[in-house]
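Q: Pasting a structure below so you can have a look.
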Amino acid sequence: MDIVNTTPHQSSADKVLPHEATVSAPVNIAVIKYWGKRDAGLILPTNSSLSVTLSQDHLCTRTTVCAAAEFGGDRLWLNGVEEDVTASARLCNVISTARKLRAAVEQADSAAPRLSTWGLHVCSENNFPTAAGLASSASGYAALVSALGTLFKLPQSAAELSRVARVGSGSACRSILGGFVAWQAGVEGDGSDSLAEQVAARAHWPQLQALVLVVSDRKKTVSSTAGMQTTVATSPLFAERVRNVVPRRMAVMRAAIAARDFAAFATLTMQDSNQFHAVCQDTFPPIAYMNDTSHAITNLVHAFNTAVGRVAAAYTYDAGPNAVIFALHDDMRTLVQLLTRCFPRPDSMPAAAFYEDPFAVFASPDL
Ligand code: ADP
Ligand code: DP6
Ligand code: CO
546 MDIVNTTPHQ SSADKVLPHE ATVSAPVNIA VIKYWGKRDA GLILPTNSSL SVTLSQDHLC
606 TRTTVCAAAE FGGDRLWLNG VEEDVTASAR LCNVISTARK LRAAVEQADS AAPRLSTWGL
666 HVCSENNFPT AAGLASSASG YAALVSALGT LFKLPQSAAE LSRVARVGSG SACRSILGGF
726 VAWQAGVEGD GSDSLAEQVA ARAHWPQLQA LVLVVSDRKK TVSSTAGMQT TVATSPLFAE
786 RVRNVVPRRM AVMRAAIAAR DFAAFATLTM QDSNQFHAVC QDTFPPIAYM NDTSHAITNL
846 VHAFNTAVGR VAAAYTYDAG PNAVIFALHD DMRTLVQLLT RCFPRPDSMP AAAFYEDPFA
906 VFASPDL
């Protein structure tokens, strides 16, 4: 691993041993979507959002951070490729915010090593496609902040750490917490009240399962950051969504989760995904994240619900063509069989995997 190779003092007995922490973080899938910033620097959203944090057993980021006085500067390797840390305002913001919090720890404890003044080497791996609409920025920045929090022994609560993750990628603030998570947009200009809070623990609704359908692992052509910036600047439908639609939906979604009302949860999840993609279509020039396979999956879910005579499944798509399907445990097996039959995978794809607990992953290729 790069960090080990670039840690020359590890073998020198006369020097301080490196301080290192390894943490993994899960992705989260929004059921009320975040799309739009009111402050791009601090990553303050135009609307609140609500998500489900998936199990780390399937899709996750694993990040190691290492601090050493000898490191000349900060370096980061993402999936084995070095990124230019200084060129990324988000990485710099996250690291400098964490360092400030560490400096406070050092001020309170004169014996604490001065990690806040040392260089950092970061090595991060996503075990799923990066920048393909499967929330890699969410698990990626959540893992980075969690690793820095562990390395720096930060006393901050999860809610407070979510604020730090937010300045890396908005959706990352929700991946700091498990279960059902709301990101309150907040009203303060400094972002102090724009953080994530748990709406309900995962154990609140164990029958709810998620199925990830990997339609394409290709990197999206329009990043979430760039896409939402164009939307804010050009879409009249977006303004309507922020003002009149999302606030009501946040309340209805919270109530649906509290009541474990799957039909209400599923209906609103599909409607909000649809409106998010309609807003992308209303952006000028338009942005198309979904592809023909995504639309075919949407149609199949509606056909399934019609056939069983109730809302038994929901789809949602982030900024990419890949689908996440929600269903209750008793319906998921039938759904997986149906999807496997309708979207067969070529031999080159890994075998479809179905995990009983708590969330499932299933891979399907471009058709
Ligand atoms: P996604 O839909 O995967 O979240 P985004 O366009 O929101 O796609 O963000 C993708 C970007 O997030 C990547 O190009 C990279 O800059 C950043 N990112 C992804 N994974 C990580 C990671 N593990 N560590 C740091 N940054 C990451
Ligand atoms: C469609 O959090 O990736 O997934 O804050 O610019 O990094 P930045 O964007 P990002 O946007 C996520 C958009 C979404 C919906 C959601 O996760 O709420
Ligand atoms: Co993202």
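Counting in this note's numbering, the sequence shown runs from 546 upward without gaps.
The beta-carbon is built from N, C-alpha and C at its ideal position, and this holds for glycine as well.
At the level of alpha carbons, what is the spacing between residue 591 and residue 678?
A: The residue you call residue 591 lines up with position 46 of the sequence shown. The residue you call residue 678 lines up with position 133 of the sequence shown. Pairing residue 591 with residue 678, the inter-Cα distance amounts to about 20 Å.
Q: What three-state label does DSSP hand residue 915 in the structure shown?
A: This structure cannot settle anything about residue 915, because the visible part of the chain is limited to 546 through 912.
Q: Can you tell me the Cβ-Cβ gap for residue 582 and residue 594, rounded? I've got them flagged as a contact below 8 Å.
A: If you number the sequence shown from 1, residue 582 lands on position 37. If you number the sequence shown from 1, residue 594 lands on position 49. Their Cβ separation, rounded to whole angstroms, is 12 Å, which puts residue 582 and residue 594 out of contact at 8 Å.
Q: So if I measure from each beta-carbon to every heavy atom of ligand 3 and keep distances below 7 Å, which residues remain?
A: 680, 681, 682, 683, 714, 716, 769 and 864
Q: Please determine whether the Cβ atom of residue 669 lies at a distance below 7 Å from any heavy atom of ligand 1.
A: Taking the sequence shown and counting its residues from 1, one reaches residue 669 at position 124. Answer for residue 669: yes, Cβ within range of ligand 1.
Q: At a cut-off of 7 Å, is residue 588 close to ligand 2 when judged by its beta-carbon and the heavy atoms of the ligand?
A: By one-based count along the sequence shown, residue 588 stands at place 43. Taking the Cβ of residue 588 as the reference point, at least one heavy atom of ligand 2 falls within a distance shorter than 7 Å.
Q: Would you decide whether residue 766 is buried or exposed? Buried here means 16 or more other CB atoms lie within 10 Å of its CB.
A: Position 221 of the sequence shown, counted from the first residue, corresponds to residue 766. Looking at its Cβ environment, which holds fewer than 16 other Cβ atoms inside 10 Å, residue 766 is exposed.
Q: Straight-line CA distance for residue 889 to residue 632?
A: Residue 889 sits at position 344 when you count from the first residue of the sequence shown. Residue 632 sits at position 87 when you count from the first residue of the sequence shown. For residue 889 and residue 632, the distance between alpha carbons rounds to 42 Å.
Q: Go through its chain and collect everything with a Cβ distance to residue 710's Cβ below 6 Å, but skip five positions before and after it.
A: Here the question's residue 710 lines up with position 165 in the sequence shown. The answer, listed in chain order, is 686, 687, 690, 717, 718 and 721.
Q: Excluding the five sequence neighbours on either side, which residues of its own chain have a C-beta within less than 7 Å of the C-beta of residue 839, listed in chain order?
A: Here residue 839 corresponds to residue number 294 of the sequence shown, with the count starting at 1. Take residue 839, set aside five residues on each side of it, and the residues of its chain with a beta-carbon closer than 7 Å to its own are 760, 862, 866 and 868, in chain order.
Q: Can residue 578 be considered in contact with ligand 2, in the sense that its beta carbon sits closer than 7 Å to one or more heavy atoms?
A: The residue you call residue 578 lines up with position 33 of the sequence shown. Residue 578 Cβ: within cutoff of ligand 2.
Q: According to the Cβ coordinates, are residue 607 and residue 567 closer than 8 Å?
A: Position 62 of the sequence shown holds residue 607. Position 22 of the sequence shown holds residue 567. A contact, by the Cβ cut-off of 8 Å.
Q: Return the Cβ separation of residue 650 and residue 657 in integer angstroms, given the expectation that the two are a contact with Cβ distance under 8 Å.
A: Start at 1 with the first residue of the sequence shown, and residue 650 comes out as number 105. Start at 1 with the first residue of the sequence shown, and residue 657 comes out as number 112. Contact between residue 650 and residue 657 holds: CB atoms are separated by about 6 Å, below the 8 Å threshold.
Q: Between 613, 587, 703 and 670, which lies nearest to residue 625 when the distance is taken from Cα to Cα?
A: For the purposes of this step, residue 625 is identified with residue 80 of the sequence shown, where counting begins at 1. Taking only the C-alpha atoms, the option nearest residue 625 is 670.
Q: Report, in whole angstroms, the separation of the C-beta atoms of residue 684 and residue 570, which I expect to be a contact under 8 Å.
A: Indexing the sequence shown from 1 puts residue 684 at position 139. Indexing the sequence shown from 1 puts residue 570 at position 25. About 5 Å separates the two Cβ atoms, so the contact holds.
Q: Can you tell me which of 664, 654, 586 and 600 puts its alpha carbon nearest to the alpha carbon of residue 615?
A: Looking up residue 615 in the sequence shown gives position 70. The residue with the shortest Cα to Cα distance from residue 615 is 664.
Q: Using 8 Å as the cut-off, can you tell me whether the region 819-838 makes contact with the region 762-778, which would need three or more C-beta pairs spanning the two stretches below that distance?
A: yes
Q: Return the chain-ordered list of same chain residues with a C-beta closer than 6 Å to the C-beta of residue 773, the five sequence neighbours on each side being excluded.
A: Working through the sequence shown from its first residue, we reach residue 773 at position 228. Excluding sequence neighbours, residue 773 sits near 580 and 581.
Q: On the CB-based measure, 16 or more other CB atoms within 10 Å of its CB, does residue 833 come out buried or exposed?
A: On the sequence shown, residue 833 is found 288 positions in, with the first residue counted as 1. Exposed is the call here.
Q: Given 7 Å as the limit, tell me if residue 677 has its C-beta closer than that to any heavy atom belonging to ligand 1.
A: For this step, residue 677 is matched to residue 132 along the sequence shown. The closest heavy atom of ligand 1 lies less than 7 Å from the beta carbon of residue 677.
Q: Is the Cβ-Cβ distance between residue 768 and residue 634 less than 8 Å?
A: On the sequence shown, residue 768 is found 223 positions in, with the first residue counted as 1. On the sequence shown, residue 634 is found 89 positions in, with the first residue counted as 1. No; because the gap between Cβ atoms is not below 8 Å, this pair is not in contact.
Q: Could you give the C-beta distance for residue 881 and residue 756, rounded to a whole number, given that I count them as a contact under 8 Å?
A: Along the sequence shown, read from residue 1 onward, the residue named residue 881 stands at position 336. Along the sequence shown, read from residue 1 onward, the residue named residue 756 stands at position 211. Contact check for residue 881 and residue 756: beta-carbon distance about 7 Å, within the 8 Å limit, so the pair qualifies.
Q: Kindly provide the ranges of any beta strand (DSSP E) runs that are 3 or more residues long and lie completely inside the region 646-674, ordered along the chain.
A: 664-671
Q: Return the CA-CA distance between residue 798 and residue 596, expressed in angstroms with no decimal places.
A: Here the question's residue 798 lines up with position 253 in the sequence shown. Here the question's residue 596 lines up with position 51 in the sequence shown. Spanning the two alpha carbons is a distance of roughly 10 Å.
Q: Looking only at its own chain, which residues have a Cβ that is under 8 Å from the Cβ of residue 700, when we skip the five neighbours before and after it?
A: Translated into positions along the sequence shown, residue 700 becomes position 155. Closer than 8 Å at Cβ, skipping near neighbours: 650.
Q: Report yes or no: do the region 720-738 and the region 839-849 share at least 3 C-beta pairs separated by less than 8 Å?
A: no
Q: Could you say which of 803, 824, 795 and 789 lies nearest to residue 814 if we only look at CA atoms?
A: In the sequence shown, residue 814 corresponds to position 269, counting from 1. If we check each option's Cα against that of residue 814, 795 comes out closest.
Q: What are the boundary residues of the beta strand (DSSP E) that includes residue 862?
A: Looking up residue 862 in the sequence shown gives position 317. Note, residue 862: beta strand (DSSP E), 858-862.
Q: Residue 753 and residue 873 look like a contact to me (Cβ under 8 Å); what is the Cβ gap, rounded to whole Å?
A: Taking the sequence shown and counting its residues from 1, one reaches residue 753 at position 208. Taking the sequence shown and counting its residues from 1, one reaches residue 873 at position 328. Correct: roughly 6 Å between the Cβ atoms.
Q: If the criterion is Cβ atoms closer than 8 Å, does the pair residue 672 and residue 604 meet it?
A: As a position in the sequence shown, residue 672 is number 127, starting the count at 1. As a position in the sequence shown, residue 604 is number 59, starting the count at 1. Cβ distance < 8 Å, so residue 672 and residue 604 count as in contact.
Q: Just how far apart, CA to CA, sit residue 791 and residue 732?
A: In the sequence shown, residue 791 corresponds to position 246, counting from 1. In the sequence shown, residue 732 corresponds to position 187, counting from 1. Looking at the two C-alpha atoms, the distance is approximately 15 Å.
Q: Leaving out five residues before and five after residue 877 in sequence, what residues of the same chain have Cβ atoms less than 6 Å from its Cβ?
A: In the sequence shown, counting from the first residue as 1, residue 877 sits at position 332. For residue 877, same chain residues with a beta-carbon under 6 Å away, outside a window of 5 residues either side, are 754 in chain order.
Q: Excluding five sequence neighbours on each side, which residues of the same chain lie with their C-beta closer than 8 Å to the C-beta of residue 883?
A: On the sequence shown, residue 883 is found 338 positions in, with the first residue counted as 1. Once the five neighbours on either side are set aside, the close Cβ partners of residue 883 are 845 and 849.
Q: Relative to the C-alpha of residue 915, which residue among 807, 623 and 789 is closest?
A: Given that the chain is displayed from residue 546 to residue 912, the structure contains no residue 915 and the question cannot be resolved.
Q: As a quick exercise: from 770, 819 and 812, pick the residue whose alpha carbon is nearest that of residue 782.
A: On the sequence shown, position 237 is the one that residue 782 refers to. The candidate whose alpha carbon is nearest that of residue 782 is 819.
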